[in-house]
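Asks:
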Amino acid sequence: MISESEKIIIYGIKNCDTIKKTKIWFDLRKIAYTFHDFKTLGCEKSIARSMLKEFGHQTLINRRGTTWRKIPQIEREAITDETASNLIVNFPSLIKRPVIKRKTTWLVGYDELAFERICPPIQDI
104 MISESEKIII YGIKNCDTIK KTKIWFDLRK IAYTFHDFKT LGCEKSIARS MLKEFGHQTL
164 INRRGTTWRK IPQIEREAIT DETASNLIVN FPSLIKRPVI KRKTTWLVGY DELAFERICP
224 PIQDI
């Protein structure tokens, strides 16, 4: 049994293809995780700030998505980590996916090698 401090949290949007691929990767390896769906649960300001502290807005925000393009150009050009936290709380679709947390380690983006580095070894039953 994985303790609360060992728990893996996958943040994302359930209909996102990258999230589906990520969940399959973890499921095939029987690695337990909790999924936090930004569409249904939102993104709390404290989580947004933690992510921004770890990655910065340049890495965390998906600048290729339609949500980003809908933000007025003047706001996009003036973005800082502080203004990014407000945008992320209001528009969690801006966050690159997946974001994964285990203990104090955070990952952003689909990277199987990085997943392997943070995952607990699989125990034979």
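Going by our numbering, the first residue of the sequence shown is number 104, and it counts up by one from there.
All residues carry an ideal CB built from backbone N, CA and C; glycine is no exception.
None of the values given here were measured: they were computed from a predicted structure.
(1) Let me know the alpha helix (DSSP H) ranges lying completely inside the region 184-224, each 4 residues or longer, listed in chain order.
(2) Buried or exposed: which applies to S149, given that a residue is buried once 16 or more other Cβ atoms fall within 10 Å of its Cβ?
(3) Does I112 come out as helix, strand or coil in the three-state DSSP assignment?
(4) CA-CA distance, D214 and E185?
(5) What residue from V192, R200 and R132 has the CA that sits closest to G168's CA?
(6) To the nearest whole angstrom, what separates the beta carbons of K142 and K123, a pair I think is in contact under 8 angstroms?
(7) Cβ of V211 less than 8 angstroms from any chain D Cβ?
(8) Hey, how far is the Cα of I203 from the Cα of I177?
(9) Can you give the Cα-Cα distance for F218 and D120, rounded to whole angstroms?
(10) Specify, as a first and last residue, the run of the alpha helix (DSSP H) that I150 falls within.
Replies: Reading it off the structure:
(1) 184-193 and 215-221
(2) exposed
(3) strand
(4) 27 angstroms
(5) R200
(6) With 8 angstroms as the limit, K142 and K123 do not qualify as a contact, their Cβ atoms being about 14 angstroms apart.
(7) Among the chains of the structure shown, chain D does not appear; only one protein chain is present.
(8) 31 angstroms
(9) 17 angstroms
(10) K148 to F158
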